[in-house]
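**Student:** In our numbering, the protein residues as written are -14 to 142.
I have a structure here, written as structure tokens, and I will follow up with some questions on it.
If you want it as structure tokens, here you go:
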């Protein structure tokens, strides 16, 4: 049997996002991967972060729905987790999700002589990231296609 991971991920997103949103959380991502058996990972967040108890409650609700809908054709383990403090940003919606937060970018090619930038996510539109450098406050408009890696940074007070 061929497993269509992308189809499963999209269907799971459609099903679980309304539940997660109604509980006061935001769906960050869904992954379905083979890791010594299949794992369906649902990554959620909310302002101020989430707790283990939050993950347990979401897991119960999502598990019940997925059991009824039966959209995953193989046995799998369900994981509900937070994206973490220094989470990697891999999709345009991740940048919108964390607008205003401090991030570190590594670029595939130099932009004004720089391959690495640290600053604030201002937003993303049509594949262009608006990013304000922390030290200089200079605003950059960066095509997402040249971002090799992006991670949130922890603000130091």
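All C-beta atoms, glycine included, are put in the ideal place defined by N, C-alpha and C.
Between which two residues does the alpha helix (DSSP H) holding residue 3 run?
**Tutor:** Residue 3 -> alpha helix (DSSP H) spans -10 to 7.
**Student:** Looking at the structure shown, is residue 39 part of a helix, part of a strand, or coil, going by DSSP?
**Tutor:** In the structure shown, residue 39 sits in a helix (DSSP, three-state: H, G or I).
**Student:** Determine which residues share a DSSP beta bridge with residue 19 and list them.
**Tutor:** DSSP lists 23 as partners of residue 19.
**Student:** Using DSSP bridges, identify the partner residues of residue 65.
**Tutor:** 27, per the DSSP bridge assignment.
**Student:** Check residue 131 in the structure and name its three-state DSSP category.
**Tutor:** Reduced to three states, the DSSP call for residue 131 is helix.
**Student:** Between the C-alpha atoms of residue 55 and residue 18, what's the straight-line distance to the nearest angstrom?
**Tutor:** Computed Cα separation, rounded: 17 angstroms.
**Student:** Please return the same chain residues whose Cβ sits closer than 7 angstroms to the Cβ of residue 140, not counting the five positions on each side in sequence.
**Tutor:** For residue 140, where only same-chain residues beyond five positions count, the Cβ hits under 7 angstroms are 87.
**Student:** Residue 113 bridges to which residues according to DSSP?
**Tutor:** Answer by DSSP bridge pairing, in chain order: 110, 128.
**Student:** Buried or exposed: which applies to residue 72, given that a residue is buried once 16 or more other Cβ atoms fall within 10 Å of its Cβ?
**Tutor:** Result: buried.
**Student:** Please find out if some non-hydrogen atom of the ligand COA comes closer than 7 angstroms to the beta-carbon of residue 47.
**Tutor:** With respect to small molecules bound, the structure shown includes none, and the ligand COA cannot be examined in it.
**Student:** If I'm right that residue 2 touches residue 12 with Cβ under 8 angstroms, what's the distance once you round it to whole angstroms?
**Tutor:** At roughly 5 angstroms, the Cβ-Cβ gap stays under 8 angstroms, so residue 2 and residue 12 are in contact.
**Student:** Given this structure, state the Cα-to-Cα distance separating residue 80 from residue -11, to the nearest angstrom.
**Tutor:** Distance between the alpha carbons of residue 80 and residue -11: 27 angstroms.
**Student:** Report all residues from its chain with a CB closer than 7 angstroms to the CB of residue -14; omit the five preceding and five following residues, and keep chain order.
**Tutor:** Legend: pLDDT at residue -14 = 48, less than 50; position of this residue unreliable, no value from coordinates given.
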